[in-house]
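Undergrad: As you go down the protein sequences, you meet chains A and B in turn. Using our numbering, the letters of the first sequence correspond one by one to residues 1 to 255. Using our numbering, the letters of the second sequence correspond one by one to residues 1 to 486. Each residue gets a CB set at the ideal place from its N, CA and C atoms; glycine is no exception. These numbers come from a predicted model, not from an experiment.
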Amino acid sequence: MRALSRIDKYRGGGRLILRPETRLLLTVAASVSSLALGDPQALSLLLAFSLLYAAAETKFKTLLLAYAFMGLMCALSLACVWLLGFIFPPMREAPLAGAISPFIRLGVSLNVILPLALNSKLTELAMALGRLHLPGFLRLPLMVTIRFIPVILNDLVQLREAVGIRFRGRRGFLFWLRHPLTWWRVFFQPLIVRLIRSADELAMASELKGLEVNTDFGSSAEPFSPDDRLVGLTAALAIILSALAEFFLSGSGHA
Amino acid sequence: MLKVESLSYRHAHSDRLALKDVSFSLDEGQSMLLAGRSGSGKSTLLSVLAGLVPHFLKGALAGRAELDGREAGAGGVAEWGRGARLMLQNSEAQFLAGTVGEEILLTLRCRGVIGPEAGEIARERLAALGLSALKDQSVFKLSEGQKQKAVLAALTALRPKLLLLDEPSANLDPVFLEELKKALWRLREDGLALIVADHRPYWLKGLCRKLLVLDDGAVAYEGQIEDLADQERRSRLGLRSPDVPEKPSLPPPSGFRRRAPEEEAGFNGTDGSDQAADSGGEIRIENLYFNYPGGPELFGGLSLTLAYGEVTALTGPSGRGKTTLARLLCGLEKPARGRITYDGQPAGLELAQVVLQNADHQLYMPTVLSEVILAVGAGGRTPEVEAGARELLASFGLLGLASRHPQSLSGGEKQRLVVALGLARPTKLLALDEPTSGLDGQNLALMAAQITKAAQAGPAVLLVTHDLELVGLCAARHLELFGPMT
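(1) With DSSP run on the structure shown, which of helix, strand or coil describes E102/B?
(2) Under 8 angstroms: do the stretch 94-107 of chain B and the stretch 154-165 of chain B share three or more Cβ pairs, one atom per stretch?
(3) Using only the alpha-carbon positions, how far apart do D278/B and E286/B sit?
(4) Which residues, taken in chain order from the stretch 98-115 of chain B, show a beta carbon closer than 8 angstroms to some beta carbon of chain A?
(5) Please say whether L432/B and L329/B have beta carbons closer to each other than 8 angstroms?
(6) Which same chain residues end up closer than 8 angstroms to E93/A when comparing Cβ atoms and leaving out the 5 residues on each side of it in sequence?
(7) Less than 8 angstroms between the CB atoms is what I'm expecting for R168/A and E350/B, so what's the real figure, rounded?
(8) Could you name the residues of the same chain whose beta carbon sits closer than 6 angstroms to that of R166/A, not counting the 5 residues immediately before and after it, in chain order?
(9) Hey, could you find the ends of the alpha helix (DSSP H) L96/B is sitting in?
(10) So with Cβ pairs under 8 angstroms, would you call G81/B a contact of chain A?
(11) Candidates N291/B, P459/B, T341/B: which alpha carbon is nearest R320/B's?
(12) Could you name each continuous beta strand (DSSP E) segment of 3 residues or more that falls completely within the stretch 323-406 of chain B, going from the start of the chain to the end?
(13) Tell me the rounded alpha-carbon separation between W82/A and L76/A.
(14) For the stretch 43-63 of chain B, which residues have a beta carbon sitting closer than 8 angstroms to at least one beta carbon of chain A?
(15) Can you tell me which of Q456/B, Q415/B, L439/B, S403/B puts its alpha carbon nearest to the alpha carbon of L429/B?
(16) List, in chain order, every chain D residue whose beta-carbon is nearer than 8 angstroms to that of M365/B.
(17) What residue range does the alpha helix (DSSP H) around H55/B cover?
(18) Is there a C-beta anywhere in chain B that falls below 8 angstroms from the one on S120/A?
(19) Quick check: the stretch 70-81 of chain B against the stretch 196-205 of chain B, are there 3 or more CB pairs under 8 angstroms?
(20) Nearest to V376/B by CA position, among L398/B, A402/B, P426/B, is which residue?
(21) In angstroms with no decimal places, state the Cα-to-Cα distance between E66/B and F396/B.
(22) Looking at the structure shown, is G309/B part of a helix, part of a strand, or coil, going by DSSP?
(23) Please list, in chain order, the chain B residues whose beta carbon lies closer than 9 angstroms to that of L211/A.
(24) Does any C-beta atom of chain A lie closer than 8 angstroms to the C-beta of H11/B?
(25) Do L398/B and V368/B have their C-beta atoms closer together than 8 angstroms?
(26) Alpha carbon to alpha carbon, how far is G536/B from S138/B?
(27) Could you please give me the residues that DSSP links to K3/B through a beta bridge?
(28) Consider the Cβ of Q41/A: report whether some Cβ of chain B lies at a distance smaller than 8 angstroms.
(29) Are A127/B and L152/B closer than 8 angstroms when you measure CB to CB?
(30) Using the three-state DSSP reduction, which class does K20/B fall into: helix, strand or coil?
(31) Contact between the stretch 228-235 of chain A and the stretch 175-195 of chain A: three or more CB pairs below 8 angstroms?
(32) Does the stretch 443-453 of chain B come into contact with the stretch 215-228 of chain B, if we say contact requires no fewer than three beta-carbon pairs (one atom in each stretch) closer than 8 angstroms?
(33) Within the 8 angstroms Cβ cut-off, does P150/A reach chain B?
(34) So with CB distances below 7 angstroms, who are the chain A contacts of L86/B?
(35) Please check the pair G145/B and F176/B, which I expect to be a contact at CB under 8 angstroms, by giving their CB distance rounded to whole angstroms.
(36) In the stretch 112-151 of chain B, which residue ranges form an unbroken alpha helix (DSSP H) of at least 4 residues, counting only runs that do not cross its ends?
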C-alpha cells in the first residue's frame with residue numbers, strides 16, 4: 001500500500017533503493033532550502049537537482065502529469081496577476097524574478113514529495129518517523145496524517161458517486177459554475193465532516209494502540225544503502241551549490 | 001475482575017448525563033451483551049472502560065470502574081489498554097499499519113515487544129484467527145469480516161483481560177458473524193472477559209450469558225440473554241429479537257433462472273417458470289453477466305423479474321456482488337452481457353433511486369427539512385413541497401429534528417433520513433444498501449414498516465442486506481448470492 005494510493009494504481013518507478021528516512025529528510029531539506037533561497041537562478045539549480053531525483057524515482061508519465069497540473073495552476077495564477085494588474089498597475093511593473101520564485105519553489109516541493117508519496121509504504125513512513133526520534137507531539141500527528149491519505153481518497157470516491165446519484169441530470173461543469181454555494185455544500189461540507197470524524201477515529205485508535213507512550217521504534221534493521229549515501233551526498237552538494245549561487249549571484253548573501 | 005460502581009459521566013460541553021449511576025460486575029472468562037436503544041450510552045460506557053475517559057474524552061466522571069483493583073484509565077489510555085482493549089465500530093479506523101502482519105507487529109512494538117518475541121506472538125495470533133495466509137495482505141483490501149479478525153488479532157496480541165467490542169455485527173454477514181463468534185468463543189475459553197455492545201442479540205446466543213440493558217444512560221435491565229425472548233420486554237426496551245431464522249423461507253423473484261450451473265453462478269433459489277418471467281410490466285434482468293476489470297465473471301447468465309409493489313431481499317456473504325447487482329439495476333454499472341430493462345426501457349439512474357450505505361456522503365443541506373426539500377427536486381420550496389417533506393419526516397420519526405443540521409444527527413437518525421430521501425421522489429426502483437446496519441429494535445420496526453409502505457405505493461424495492469430480521473419483517477421475495485468474490 002503506497003501512501004498516496006488507495007488501490008495501488010499510482011505506483012511509481014522507485015529505481016533507487018532508498019530508506020524512507022532518506023526520502024523524508026530529503027523532502028524536509030529541499031523544502032527548507034527552497035524557502036531560504038530567494039534568487040531565481042539559485043532556486044533553478046535546486047530545481048534541476050530535485051528534478052533529477054524525481055526522474056530517477058517516479059514514472060515518466062506520472063511526473064509529466066504532475067508537471068502539467070502544476071503548469072496549469074501556475075498559468076491560472078499568472079493570469080490572475082495579469083488581470084489584477086489592470087486594477088493595480090504597479091503589479092504589472094513588478095520584477096519577473098519576484099513572480100517566478102514561488103513557482104520554482106513549488107516545483108522543488110513537487111519533485112521531492114512525489115517520490116516520497118509514490119514509493120513509500122504507510123508503515124515504512126510511520127516507522128521511519130518513529131526512528132527519527134521526533135518528540136511525541138510531532139510524531140503522532142505526522143503518523144496520523146500519513147494514515148489519513150487513503151481515508152481522504154476513499155471518501156472522495158464515495159462522495160463523487162453519492163453526488164452523481166443525488167444530482168443526476170445536473171452534473172455538468174456549467175451547473176456547478178452557476179451554483180458555487182451548492183458546489184461548496186455538496187463537495188466540501190460532507191468531506192470536511194468526514195475528515196473531522198476520521199481524524200477523531202484515527203487519533204482515538206492511535207491512543208488505544210499506545211503510540212503516545214512509545215519511545216522505542218528501534219534503529220533501522222537495514223544500514224543506509226549506497227544509494228542512500230549517494231543521494232544524500234548529492235543533495236548536500238546541491239544545497240551548498242545553490243547557497244553559493246544565491247550568495248554570489250544575488251550579491252547580498254541574504255539567504 | 002471488573003467492578004463498575006455508581007458510574008456516571010457527562011460529556012464535556014453537555015448538560016446531560018450520558019451515564020447515570022451504572023453498576024455491574026464481570027468475572028474472568030465471562031461475557032456480557034450490552035444492549036439498549038441507539039444513543040442509550042453503550043459506546044460511552046465502553047469508552048470509559050477502555051480508559052479513554054478522561055485522557056482522550058474530556059468530561060465529568062463520577063463513581064468507579066476497576067479492573068483487578070486498578071481504576072479505569074489509571075496510567076493513561078495505553079497503560080490501561082494492557083488490561084482492557086476496545087474494538088471500535090469502524091474497524092478500518094483502527095489500522096495504522098499497511099498489512100495485517102505489520103499491524104500486529106506495530107501493536108506489539110508500541111508496548112515495547114520487539115524482535116523474535118514479537119514475530120512469534122504475531123505468528124501465533126495470525127494462526128489462531130485463521131489469518132496466516134493474509135499476513136502480507138494490505139489491510140485496505142480485506143473484507144469487513146477479515147478486518148475485524150485482523151483487529152482482534154492485534155488487540156489480543158498481549159493477552160488483555162477484558163475485550164470490549166462496539167457493534168461488531170453492524171457490517172458483517174451471517175457467515176463472518178459465525179466465524180467471529182467462534183473466534184470470540186476461543187478467546188473466552190482462554191479466560192478473556194468480553195463485553196459486546198450490539199443491536200443484534202441473535203448471533204451472541206451461546207456466547208454471552210449476561211445481559212445489561214441501558215436506557216438513557218441508566219441500567220434499565222440486568223439479567224440473562226434468554227430474557228430477551230419476552231417480546232413485551234423487548235418492545236419496552238426497544239431491542240431486537242434474539243431469534244432470527246438462519247435463512248428466510250421466501251420464494252425467489254419471479255422468472256428467476258441462470259444459465260451457468262448453480263454452484264458456478266452462485267445463487268440460492270428455485271428456478272421460476274418462464275411464464276412468470278413474461279408476466280406484466282416490470283423490471284427485468286435478462287441473461288446477466290458482469291465483471292470488474294481483472295475480476296471474476298459474476299451472475300452466470302442471471303435472469304429474473306422484479307415486480308412493482310414488491311420488496312425483494314438480496315442477501316449473501318460480503319463481496320459476492322449484492323451491491324454490484326443493485327448498481328447494475330440502477331444503471332450505475334453496465335452489464336458485460338445481457339440486459340436490464342424497466343418496462344422495456346434500458347435501465348438508467350433517472351428511473352431509480354438508490355440509497356448508499358454511508359449516510360455521511362449523502363447529506364448536504366443546512367437543515368434536515370431543506371435536505372428533504374432538495375431531494376423532492378422539481379418545484380423548489382413551495383408550501384405543498386414543504387408540507388410533503390414534513391409528512392415524510394414524521395413518518396420516519398424525524399420531524400422533531402427538522403431544523404437540525406443533518407450531519408449533527410446520530411448514525412441511526414442519519415440512516416432513517418437517507419432512506420426518507422430515497423422515498424422523496426416517485427421512482428420505479430428503490431434500491432437500499434444496508435439500510436438498518438446500526439438500528440435498534442424500535443427503529444428497525446419503523447424502517448421495515450416504511451419500506452413496506454413505500455413498495456405498496458408502486459416501485460419495486462430491492463433490499464441489499466445482511467439483516468435477516470429486516471428480511472423477515474418486510475421482504476416478499478429473497479435471493480441469496482454466494483458466487484466468487486468480486
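TA: Reading from the atomic positions:
(1) helix
(2) yes
(3) With a pLDDT of 47 at D278/B, under the threshold of 50, the modelled position of that residue is not reliable, and the figure given next carries that caveat. Near 11 angstroms, if we compare the C-alpha coordinates of E286/B and D278/B.
(4) G98, T99, E102, L106, T107, R109, C110, R111, G112, I114
(5) no
(6) none
(7) 6 angstroms
(8) none
(9) Here L96/B belongs to no alpha helix (DSSP H), and DSSP marks it neither H nor E.
(10) yes
(11) N291/B
(12) 337-342, 352-355
(13) 10 angstroms
(14) A50, L52, H55, F56
(15) Q456/B
(16) This model lacks chain D altogether; the protein chains it does include are A and B.
(17) 52-55
(18) no
(19) no
(20) P426/B
(21) 41 angstroms
(22) coil
(23) A78, L96, L106, C110
(24) no
(25) yes
(26) Not covered by the structure: residue 536/B. The range shown for chain B is 1 to 486.
(27) S25/B, E66/B
(28) no
(29) no
(30) strand
(31) no
(32) no
(33) yes
(34) L208
(35) 3 angstroms
(36) 115-128
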